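The structure under discussion appears below in the form of structure tokens.
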Amino acid sequence: MRAVDIIIKKRDGQELTKAEIEYFIKGFASGEIPDYQASAWAMAVLFKGMNLREITDLTLAMAASGQMIDLSEVVPIALDKHSTGGVGDKTTLVVEPLVAACGLPVGKMSGRGLGFSGGTLDKMESIPGFRTDLTIEEFIYQLRTVGLVLTGQSVDLAPADGKLYALRDVTGTVPSIPLIASSIMSKKIAAGAQAIVLDVKIGLGAFMENLDEGRTLAETMVSIASLAGRKAVALLSDMNQPLGCAVGNVLEVKEAIDTLQGRGPADFKEHCLTIAAHMLALGGRASSEEDGLALAVEALESGKAWDYFRILVDVQEGDLDAIDYPEQLPKARWIETTPAPRSAYLAKVHARLVGETAVMLGAGRTKKGDPIDPAVGVVVHHKVGDWVQGGQPLFTIHASDALQMGEARRTLLEAHSWSDKPVQPLPLFYEVIRS
Ligand code: URA
Numbered sequence: 001m002r003a004v005d006i007i008i009k010k011r012d013g014q015e016l017t018k019a020e021i022e023y024f025i026k027g028f029a030s031g032e033i034p035d036y037q038a039s040a041w042a043m044a045v046l047f048k049g050m051n052l053r054e055i056t057d058l059t060l061a062m063a064a065s066g067q068m069i070d071l072s073e074v075v076p077i078a079l080d081k082h083s084t085g086g087v088g089d090k091t092t093l094v095v096e097p098l099v100a101a102c103g104l105p106v107g108k109m110s111g112r113g114l115g116f117s118g119g120t121l122d123k124m125e126s127i128p129g130f131r132t133d134l135t136i137e138e139f140i141y142q143l144r145t146v147g148l149v150l151t152g153q154s155v156d157l158a159p160a161d162g163k164l165y166a167l168r169d170v171t172g173t174v175p176s177i178p179l180i181a182s183s184i185m186s187k188k189i190a191a192g193a194q195a196i197v198l199d200v201k202i203g204l205g206a207f208m209e210n211l212d213e214g215r216t217l218a219e220t221m222v223s224i225a226s227l228a229g230r231k232a233v234a235l236l237s238d239m240n241q242p243l244g245c246a247v248g249n250v251l252e253v254k255e256a257i258d259t260l261q262g263r264g265p266a267d268f269k270e271h272c273l274t275i276a277a278h279m280l281a282l283g284g285r286a287s288s289e290e291d292g293l294a295l296a297v298e299a300l301e302s303g304k305a306w307d308y309f310r311i312l313v314d315v316q317e318g319d320l321d322a323i324d325y326p327e328q329l330p331k332a333r334w335i336e337t338t339p340a341p342r343s344a345y346l347a348k349v350h351a352r353l354v355g356e357t358a359v360m361l362g363a364g365r366t367k368k369g370d371p372i373d374p375a376v377g378v379v380v381h382h383k384v385g386d387w388v389q390g391g392q393p394l395f396t397i398h399a400s401d402a403l404q405m406g407e408a409r410r411t412l413l414e415a416h417s418w419s420d421k422p423v424q425p426l427p428l429f430y431e432v433i434r435s
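Start counting the sequence shown at 1; every next residue gets the next number (our numbering).
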């Protein structure tokens, strides 16, 4: 076989065989197939697409390019969740302890933020001492003994995806549903997941801006799971406005703590309870989502989920004082609240602009490896549909550099749009996709 023939075949819109896909991915992972051929191939896939069989073969080939974790002897069912990423999405921080508190072990390998979208690891690392670099052996041991793990993606898992993603990032080949779906699912499968709840974000602050694209991505991932012998369910959720109020690492940890302690924004709490309910049903702990929801509400209201969050932080060497007294977490030097410029209904809180402002303040990175400032970010005080009285607090900026305030304020005012007529609140979820 020759790499060039496989590229030509895909360029001409033909279906690749399993053997061709495996040959290409193996050759690329080992370095025999150079980056320029892999880039051309990724572009051909972007333009010509792949059918479900090809996407599943690609997923499995990338999963098999590194270590494959087998959790079948570790937990009754290896349960995982994945969010396609958004602004203010601190769901994992609440949902993982919530599900574990209901008696279902959860082990999760998470990623860092890139661009306007935040990452779970960056958030957890704003808790002093919290380790996100567990070895695979430590991951397995903690999952077996504690039933709750949250760490970084091991570089030994699906390395072909890591290499391909870096290439896609600089060759304009990220927005391809076959490549996104196989990238996400290869990591989940390599990490040993047997049941996966996928939170596919749709809207201005998400990868997928429209519902049709999001639905296709969700259906593709759910089908891959099923062809690969895994269970999956996908929820299409709104990401036009930030989830909850806080955007920025420490700010989001505080909001997650508030939520685990029974406070927290209503939208974020409901989002977490719904995701947890689906995880409990998919993992067999609940007989239905309704049943799962009742269990999750009980775990949250009884304080059990908060206890599990403390256990997670403690076992991964994080500073318990910092979460028990979150005012001890790093604080930005400059904090300024901007009032609403008028009395009206809130028509839009543009999630991407809010996310980009947080990145500009230093909460995120524009390229891999950039340092981040845990303390900075934005808190929005209202949701789409709210009636806001002129002069009421609209948003609060947390900055380490006073010179950034003006630009942040301008962009955030632009992110909010107004209507004199009542505006429907945005839904939290659009659809549920099952296999
Ligand atoms: N997240 C991934 O892991 N891979 C993609 O291709 C896109 C988002």
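Every residue, glycine too, gets a C-beta built ideally from N, C-alpha and C. Quick caveat: nothing in here was measured; it's all calculated off a predicted structure.
| Query | Result |
| --- | --- |
| Are Leu346 and Val388 touching if we call contact CB-CB under 7 angstroms? | yes |
| In the DSSP assignment, find the alpha helix (DSSP H) that holds Tyr308 and state where it starts and stops. | 304-315 |
| Compare the beta carbon distance of Asn210 and Asp122 with 7 angstroms and say whether it is the shorter of the two. | no |
| Following a CB-centred definition, is Ser439 positioned closer than 6 angstroms to any heavy atom of ligand 1? | The requested residue 439 does not occur in the structure, where the chain is confined to residues 1 to 435. |
| Alpha carbon to alpha carbon, how far is Arg53 from Leu143? Give it in angstroms, no decimals. | 32 angstroms |
| Should Gln14 be labelled buried (16 or more other beta-carbon atoms within 10 Å of its own) or exposed? | exposed |
| Closer than 6 angstroms by C-beta to Phe429: which residues in its own chain qualify, once you throw out the five before and the five after it? Chain order, please. | Leu235, Ser237 |
| Exposed or buried, Ala19, counting other C-beta atoms within 10 Å across all chains shown (16 or more means buried)? | exposed |
| For Val174, which of helix, strand or coil comes out of DSSP? | coil |
| I need the straight-line Cα distance from Asp169 to Val74, nearest angstrom please. | 35 angstroms |
| Please return the same chain residues whose Cβ sits closer than 6 angstroms to the Cβ of Glu431, not counting the five positions on each side in sequence. | Leu236 |
| Closest to Lys187 by CA distance: which of Leu60, Pro427, Glu213 is it? | Leu60 |
| Grab the span of the alpha helix (DSSP H) containing Ser39 for me, first residue to last. | 35-48 |
| For ligand 1, which residues count as neighbours when the test is a C-beta closer than 5 angstroms to any heavy atom? | Ile180, Ser183, Ile184 |
| Could you tell me whether the Cβ atoms of Leu361 and Ala399 are closer together than 7 angstroms? | yes |
| Could you spell out the range, first to last residue, of the alpha helix (DSSP H) harbouring Val155? | No alpha helix (DSSP H) holds Val155; DSSP gives it neither H nor E. |
| Curious, which full-length alpha helix (DSSP H) runs of at least 4 residues does the region 71-106 contain? | 91-101 |
| Name the DSSP bridge partner or partners of Glu336? | Ile397 |
| If you count every other CB in all the chains shown that lies within 10 Å of the CB of Pro34, and 16 or more means buried, which is it? | exposed |
| What residue range is occupied by the uninterrupted alpha helix (DSSP H) comprising Tyr448? | Since the first and last residues shown for the chain are 1 and 435, residue 448 lies out of range. |
| Between His382 and Ala100, what straight-line distance do the alpha-carbon atoms span, to the nearest angstrom? | 31 angstroms |
| Can you tell me which of Val378, Thr411, Asp267, Pro105 puts its alpha carbon nearest to the alpha carbon of Ser72? | Pro105 |
| Assuming Ser176 and Asp161 are in contact, meaning their beta carbons sit under 8 angstroms apart, how far apart are those beta carbons, in whole angstroms? | The Cβ separation is near 13 angstroms, so there is no contact. |
| What is the rounded straight-line gap between the Cα of Ala286 and the Cα of Gly229? | 21 angstroms |
| Alpha carbon to alpha carbon, what distance is there between Asp5 and Leu16? | 10 angstroms |
| Hey, out of Arg342, Ala415, Pro371, whose CA is closest to Gln392's CA? | Arg342 |
| Quick one: what's got a C-beta closer than 6 angstroms to Ala256's C-beta in the same chain, skipping five residues either side? | Lys90, Leu93, Val94 |
| Rank Ala375, Met1, Glu96, Asn240 by C-alpha distance to the C-alpha of Ile196 and give the top, closest one. | Glu96 |
| Do you know whose CA, among Ala358, Gly369, Leu79, lies nearest Arg112's CA? | Gly369 |
| Could you give the DSSP three-state label for Ser343: helix, strand or coil? | coil |
| Using only the alpha-carbon positions, how far apart do Leu260 and Glu290 sit? | 20 angstroms |
| What residues in its chain sit with their C-beta under 6 angstroms from that of Asp57, if we drop five residues either side in the sequence? | Lys18, Ile21 |
| Can you tell me whether Gly262 is buried or exposed? The criterion is at least 16 other CB atoms within 10 Å of its CB, across all chains shown. | exposed |
| May I ask you to report which of helix, strand or coil DSSP gives Ala358? | helix |
| For the alpha helix (DSSP H) containing Tyr23, name the first residue and the last one. | 18-30 |
| Going by other Cβ atoms of all chains shown within 10 Å of its Cβ, with 16 needed for buried, is Asp373 buried or exposed? | buried |
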